[in-house]
Each structure stands twice: as structure tokens, then as C-alpha cells.
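Asker: Questions regarding the structure given below will be posed in turn.
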DNA sequence: GCTGGCGTTGACGCCGACGTCAAGGTCTAC
DNA sequence: GTAGACCTTGACGTCGGCGTCAACGCCAGC
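Chains as they are written, first to last, in our numbering: chain A, 91 to 223; chain B, 91 to 223.
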């Protein structure tokens with residue numbers, strides 16, 4: 091298949107595929123007219139890349155997975171190098187989540203304090219608050 | 091004080107302060123020689139911006155807080171507009187955390203599956219596994 | 001008056017994963 | 001033969017929050 095079909099079947103753009111090739115992630119045979127030619131294996135490699143990017147991987151981090159597929163394995167994560175990346179990303183993810191939860195808690199407290207301060211900027215001076223106020 | 095001192099006291103750079111000014115976030119009086127002049131209020135505004143950026147706010151999202159300070163309030167989050175941003179960011183944060191936890195779980199499962207497949211790619215063919223293998 | 005440390009504006013660089021446009025070649029269908 | 005749908009390479013644009021450099025002005029101390 092040619093690049094347009096590959097892009098469509100992988101749910102991405104031709105520009106993206108050429109970009110991956112420029113990074114050395116995927117290869118390409120050329121037809122006599124210079125057009126890039128791809129097969130089903132290429133499709134699987136691109137889908138692997140896309141799935142990992144969706145997981146928040148950087149493009150470089152998908153490289154071991156792609157190479158693992160090219161080496162003939164039926165899964166990109168069948169190789170030690172891929173597992174190493176898995177573990178690294180998992181640790182990063184944990185750290186990121188912890189950080190965000192910390193921020194969320196601080197934010198929540200800020201909001202609570204600011205909210206209450208805004209609800210009662212100063213004592214109400216003896217007037218009972220109106221029910222619908 | 092001049093821009094160098096403000097930068098040092100706010101823990102940032104002069105370039106950053108000029109950038110904030112170019113975005114209209116902070117103002118500046120000028121001395122007769124054209125130098126920017128700042129006071130303690132400016133310092134507090136810059137510190138407010140920095141604190142919010144550390145929380146993952148975008149620069150634009152700090153604007154209500156800065157304006158709140160400039161309006162004379164003693165806290166950047168004393169105004170309704172700031173609280174609105176708080177709430178929005180809190181919701182974004184929740185969504186982001188949920189998303190990351192989902193990814194983490196998927197990743198964890200992938201790792202578990204791939205790990206076990208790697209540990210036992212095929213039956214051991216009758217040889218008992220070595221204890222330290 | 002000269003050095004050095006401050007300040008000024010303006011402009012380009014960076015990162016990552018592409019989008020978008022330009023100017024052309026190729027192939028198919030009519 | 002020509003329209004138009006595909007392909008090619010190359011290059012610039014995007015987003016945010018600045019870093020970094022250039023080329024210059026101002027001011028204090030020696």
C-alpha cells in the first residue's frame with residue numbers, strides 16, 4: 091500500500107508518517123516511481139507507535155517497541171528494552187500522579203479558604219442572613 | 091527597586107519579568123533614565139504568578155489573581171474571577187489525574203503480561219528452573 | 001576617561017509532534 | 001490531453017515560557 095492508505099488505516103496523516111521516517115522509526119521501500127510502499131508489518135509498527143504516544147510516551151521511547159516488532163516478535167513489548175521503558179514510564183507516571191495529587195490538595199485547600207473568606211468577608215453586624223441571599 | 095533586584099527577590103529572571111510585562115500582566119513605572127521601577131506590590135504580584143505557574147497554571151490564567159492584587163486585595167484569590175479559575179483548574183486536574191491513573195493501570199497490566207510472557211516464552215521442556223536463574 | 005555592571009529594545013532559538021503551504025512529478029479516468 | 005487525486009521534497013508555522021545573544025545606553029568608582 092502507499093502512504094495515504096497507510097495513514098488512513100493507522101488513523102494518522104501522511105505528514106506524520108514521513109516524520110516518523112525522518113526520525114528513523116519506520117523504513118520504506120520505494121516503488122519505481124519513487125512512491126513509498128508499505129505492508130501490513132509497517133501498519134502494525136505505526137499502530138504500536140500511535141498506541142504508545144496515546145499513553146504519553148515520547149516518540150523516541152517507542153523506538154524499542156518498533157525495533158522489537160521489526161525483529162520479528164509478535165508484540166512490541168516482547169523485548170527486554172521495551173520492558174525497561176515500560177518500567178521507566180510507570181515510575182514517571184507514578185511521580186507525575188503524586189505531584190498532581192499534591193497540587194490538587196493544595197488547590198482544594200486554597201479554594202476552601204478563599205471561598206469561606208469570600209462568603210464571610212467580615213462579621214454580618216447583627217443582621218441575620220437572608221435565606222435566599 | 092529595579093528589574094534585577096525584583097528578579098532576584100522573586101526567584102526568576104529579568105527576561106521573565108519583561109515577558110510578563112509584554113503580556114500585560116505586570117506594569118512598570120519608568121525612572122528618568124528609562125529604567126523600570128518596581129515596588130513591594132509588584133514583587134507580590136510576581137510571586138503570585140510564580141506560585142500559580144508552579145501549580146501548573148498557564149500564564150493567562152494567573153491574570154485574574156494579579157488583577158485582584160492590583161485592585162487592592164490582600165490575596166490574589168480574594169476575587170470571584172480567581173475562584174472561578176481555581177474551580178476550573180481543579181476540574182482539569184481531576185480529569186488529568188483520572189486519565190493518568192487509567193493509563194497507569196493499562197501500563198501496569200501490559201507490563202505484567204509482557205513480563206510473564208518473557209519469563210516463560212515457552213514450556214521449559216522438562217528441565218527444572220535453576221533457583222538463581 | 002575608562003572599566004564594569006547595571007539597564008534598554010529587538011530578534012532569533014528551543015522543545016515535540018506534527019500542520020500547512022509551495023512547487024512540482026505521477027498516474028488514472030474520461 | 002486534461003482534470004484531479006495521488007505522490008515527492010523542502011521549508012516555515014504552531015504553542016508556551018522563556019533563554020540567549022546583539023548592540024547599544026547609563027552610571028558609579030577608580
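For glycine and all other residues, C-beta sits at the position ideal for the given N, C-alpha and C. Here the structure is a predicted model, which means the values were calculated and not measured.
Could you tell me which uninterrupted alpha helix (DSSP H) segments, each at least 4 residues in length, are contained entirely in the stretch 115 to 169 of chain A, listed from first to last along the chain?
Answerer: Qualifying alpha helix (DSSP H) stretches, in chain order: 130 to 144 and 153 to 160.
Asker: On the premise that residue 136 of chain A lies in contact with residue 259 of chain A, defined as a C-beta separation below 8 Å, what is that separation, rounded to the nearest angstrom?
Answerer: The first residue shown for chain A is 91 and the last is 223, placing residue 259 of chain A beyond what the model contains.
Asker: Using CA atoms only, rank isn't needed, just tell me which of B/191, B/180 and B/95 is closest to residue 151 of chain B.
Answerer: Residue numbering aside, residue 151 of chain B sits at position 61 when the second chain is read from its first letter. Of B/191, B/180 and B/95, the residue nearest in Cα terms is B/180.
Asker: Less than 8 Å between the beta carbons of residue 133 of chain B and residue 96 of chain B, yes or no?
Answerer: What you label residue 133 of chain B is simply residue 43 of the second chain in a count that begins at 1. What you label residue 96 of chain B is simply residue 6 of the second chain in a count that begins at 1. In this structure, residue 96 of chain B lies closer than 8 Å to residue 133 of chain B by Cβ.
Asker: Within the chosen definition, does the stretch 159 to 166 of chain A reach the stretch 189 to 203 of chain A through at least 3 CB pairs nearer than 8 Å?
Answerer: No, because fewer than three Cβ pairs between the stretch 159 to 166 of chain A and the stretch 189 to 203 of chain A fall closer than 8 Å, the two stretches do not touch.
Asker: Beta-carbon within less than 8 Å of residue 138 of chain B's beta-carbon, same chain only, minus the 5 sequence neighbours each way: which residues are those?
Answerer: Taking the second chain and counting its residues from 1, the one referred to as residue 138 of chain B is at position 48. For residue 138 of chain B, where only same-chain residues beyond five positions count, the Cβ hits under 8 Å are 152, 155, 156, 159 and 166.
Asker: Using 8 Å as the limit for Cβ to Cβ distance, is residue 100 of chain B near chain A?
Answerer: Translated into the one-based positions of the second chain, residue 100 of chain B becomes position 10. With 8 Å as the cut-off, residue 100 of chain B does not count as an interface residue toward chain A.
Asker: Could you tell me whether the Cβ of residue 187 of chain B comes closer than 8 Å to any Cβ of chain A?
Answerer: Along the second chain, read from residue 1 onward, the residue named residue 187 of chain B stands at position 97. So, interface residue.
Asker: Roughly how many angstroms lie between the CA atoms of residue 121 of chain B and residue 205 of chain A, to the nearest whole one?
Answerer: Position 31 of the second chain, counted from the start, is the residue given in the question as residue 121 of chain B. Position 115 of the first chain, counted from the start, is the residue given in the question as residue 205 of chain A. Roughly 40 Å separates the two Cα atoms.
Asker: Under 7 Å between beta-carbons, which chain B residues line up against residue 200 of chain A? List them in chain order, please.
Answerer: The sequence position of residue 200 of chain A within the first chain is 110, counting from 1. Here the neighbours are 167 and 176.
Asker: Measuring alpha carbon to alpha carbon, tell me which residue in A/140, A/173 and A/201 is nearest residue 172 of chain B.
Answerer: Along the second chain, read from residue 1 onward, the residue named residue 172 of chain B stands at position 82. Of the listed residues, the one whose Cα sits closest to residue 172 of chain B is A/201.
Asker: How would you call residue 125 of chain A, buried or exposed, if buried means at least 16 neighbouring beta carbons within 10 angstroms?
Answerer: Locating residue 125 of chain A in the first chain gives position 35, where the first residue counts as 1. With fewer than 16 Cβ atoms within 10 Å of its Cβ, residue 125 of chain A is classed as exposed.
Asker: Measure the CB-CB distance between residue 127 of chain B and residue 105 of chain B and report whether it falls below 8 Å.
Answerer: Here residue 127 of chain B corresponds to residue number 37 of the second chain, with the count starting at 1. Here residue 105 of chain B corresponds to residue number 15 of the second chain, with the count starting at 1. No, Cβ-Cβ distance for residue 127 of chain B and residue 105 of chain B is not below 8 Å.
Asker: According to the neighbour-count rule (16 or more other Cβ atoms, all chains shown, within 10 Å of its Cβ), is residue 100 of chain B buried or exposed?
Answerer: What you label residue 100 of chain B is simply residue 10 of the second chain in a count that begins at 1. That one is buried.
Asker: Measuring alpha carbon to alpha carbon, tell me which of A/141, A/119 and A/129 ends up nearest residue 197 of chain B.
Answerer: The residue labelled residue 197 of chain B in the question sits at position 107 within the second chain. Ranking A/141, A/119 and A/129 by Cα distance to residue 197 of chain B puts A/141 first.
Asker: With a threshold of 8 Å between beta carbons, is residue 124 of chain B in contact with chain A?
Answerer: Here residue 124 of chain B is taken as the residue at index 34 of the second chain, counted from 1. No - not a single Cβ of chain A is within 8 Å of the one on residue 124 of chain B.
Asker: Mind listing the chain B neighbours of residue 204 of chain A? Cutoff is C-beta to C-beta under 8 Å, in chain order.
Answerer: Walking along the first chain from the start, residue 204 of chain A turns up at place 114. Within chain B, the residues near residue 204 of chain A are 165, 167, 168, 172, 173 and 176.
Asker: Rank B/143, B/123 and B/118 by C-alpha distance to the C-alpha of residue 131 of chain B and give the top, closest one.
Answerer: Position 41 of the second chain holds residue 131 of chain B. Ranking B/143, B/123 and B/118 by Cα distance to residue 131 of chain B puts B/118 first.
Asker: With distances taken Cα to Cα, identify the nearest neighbour of residue 182 of chain A among A/129, A/147 and A/110.
Answerer: Along the first chain, one-based indexing puts residue 182 of chain A at 92. Nearest of A/129, A/147 and A/110 to residue 182 of chain A, Cα basis: A/147.
Asker: Given that a residue counts as buried once 16 or more other Cβ atoms are within 10 Å of its Cβ, and exposed if not, what is residue 115 of chain B?
Answerer: Counting from 1 along the second chain, the entry for residue 115 of chain B is found at position 25. Buried: at least 16 other Cβ atoms inside 10 Å.
Asker: By the DSSP assignment, the alpha helix (DSSP H) with residue 104 of chain B in it spans what residues?
Answerer: Translated into positions along the second chain, residue 104 of chain B becomes position 14. Looking at the DSSP string, the run of the alpha helix (DSSP H) that includes residue 104 of chain B is 104 to 112.
Asker: Could you tell me how far apart the beta carbons of residue 143 of chain B and residue 113 of chain B are, in whole angstroms, since I believe they sit closer than 8 Å?
Answerer: Indexing the second chain from 1 puts residue 143 of chain B at position 53. Indexing the second chain from 1 puts residue 113 of chain B at position 23. Between residue 113 of chain B and residue 143 of chain B the Cβ distance is about 13 Å, and since that is not below 8 Å, they are no contact.
Asker: In the structure shown, what three-state DSSP assignment does residue 92 of chain B receive?
Answerer: Taking the second chain and counting its residues from 1, one reaches residue 92 of chain B at position 2. Coil at residue 92 of chain B, not helix or strand.
Asker: Could one say the Cβ of residue 133 of chain A lies closer than 8 Å to chain B's Cβ atoms, at least one of them?
Answerer: Here the question's residue 133 of chain A lines up with position 43 in the first chain. Not closer than 8 Å to any Cβ of chain B, the Cβ of residue 133 of chain A fails to qualify, so no.
Asker: So, are the CB atoms of residue 207 of chain A and residue 207 of chain B less than 8 Å apart?
Answerer: Stepping through the first chain from its first residue, residue 207 of chain A is reached at position 117. Stepping through the second chain from its first residue, residue 207 of chain B is reached at position 117. No, the Cβ-Cβ distance between residue 207 of chain A and residue 207 of chain B is not below 8 Å.
Asker: Does any C-beta atom of chain B lie closer than 8 Å to the C-beta of residue 155 of chain A?
Answerer: Working through the first chain from its first residue, we reach residue 155 of chain A at position 65. With 8 Å as the cut-off, residue 155 of chain A does not count as an interface residue toward chain B.
Asker: Rounded to whole angstroms, what's the CA-CA distance from residue 103 of chain A to residue 110 of chain A? Just pull it up for me.
Answerer: Locating residue 103 of chain A in the first chain gives position 13, where the first residue counts as 1. Locating residue 110 of chain A in the first chain gives position 20, where the first residue counts as 1. If I take the Cα positions, the gap works out to 11 Å.
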